[in-house]
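Here the structure comes first, spelled out in structure tokens, and everything after it is commentary.
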Amino acid sequence: MRFTVKQIAWLKVFLHLAGFLPLVWLFWAGHQGYFSADPAKDIQHFTGRMALKFLLATLLVAPLARYAKQPLLIRIRRLLGLWCFAWATLHLTSYTLLE
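Per the numbering used here: the sequence shown ends with 1497, consecutive numbering throughout.
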């Protein structure tokens, strides 16, 4: 079974939510005071881990598409790469501003 264009569109919506909702949680956790005594470290670690997760997902798309014979999966690689860049930028910004 191959993915359809409509299924890829829904996957993109899900990936946008997967990239944006942790950012909402980060602001909410900061507002509620869920961070430890050193919130700068918590923010840097969280944003760094998210950047690494999206980098890993981005790098796994091409082999997964080839192995599963799903060429439409390549269409989500740019989206994952942009979210990886966004989280890495947040990570570097938090390091620069909070340290």
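The beta carbon of each residue, even a glycine, is placed where N, CA and C say it ideally should be.
**OP:** Use the C-beta contact count for A1455: other C-beta atoms within 10 angstroms, 16 or more gives buried, fewer gives exposed.
**Re:** Buried is the call here.
**OP:** Go to G1431, then tell me how far its alpha helix (DSSP H) extends in each direction, as first and last residue.
**Re:** Counting along the chain, no alpha helix (DSSP H) covers G1431, and no H or E run does either.
Subject >> DSSP-derived helix/strand/coil call for M1399 >> reply: Three-state result, M1399: coil.
Original post:
Nearest-angstrom Cα distance between L1496 and K1451?
Top reply: Taking the straight line joining both Cα atoms gives about 22 Å.
**OP:** Please say whether M1399 and P1420 have beta carbons closer to each other than 8 Å?
**Re:** Taking 8 Å as the Cβ cut-off, P1420 and M1399 do not qualify as a contacting pair.
**OP:** Using beta-carbon positions only, say whether A1463 and L1453 come within less than 8 Å of one another.
**Re:** For A1463 and L1453, no; Cβs fall outside 8 Å.
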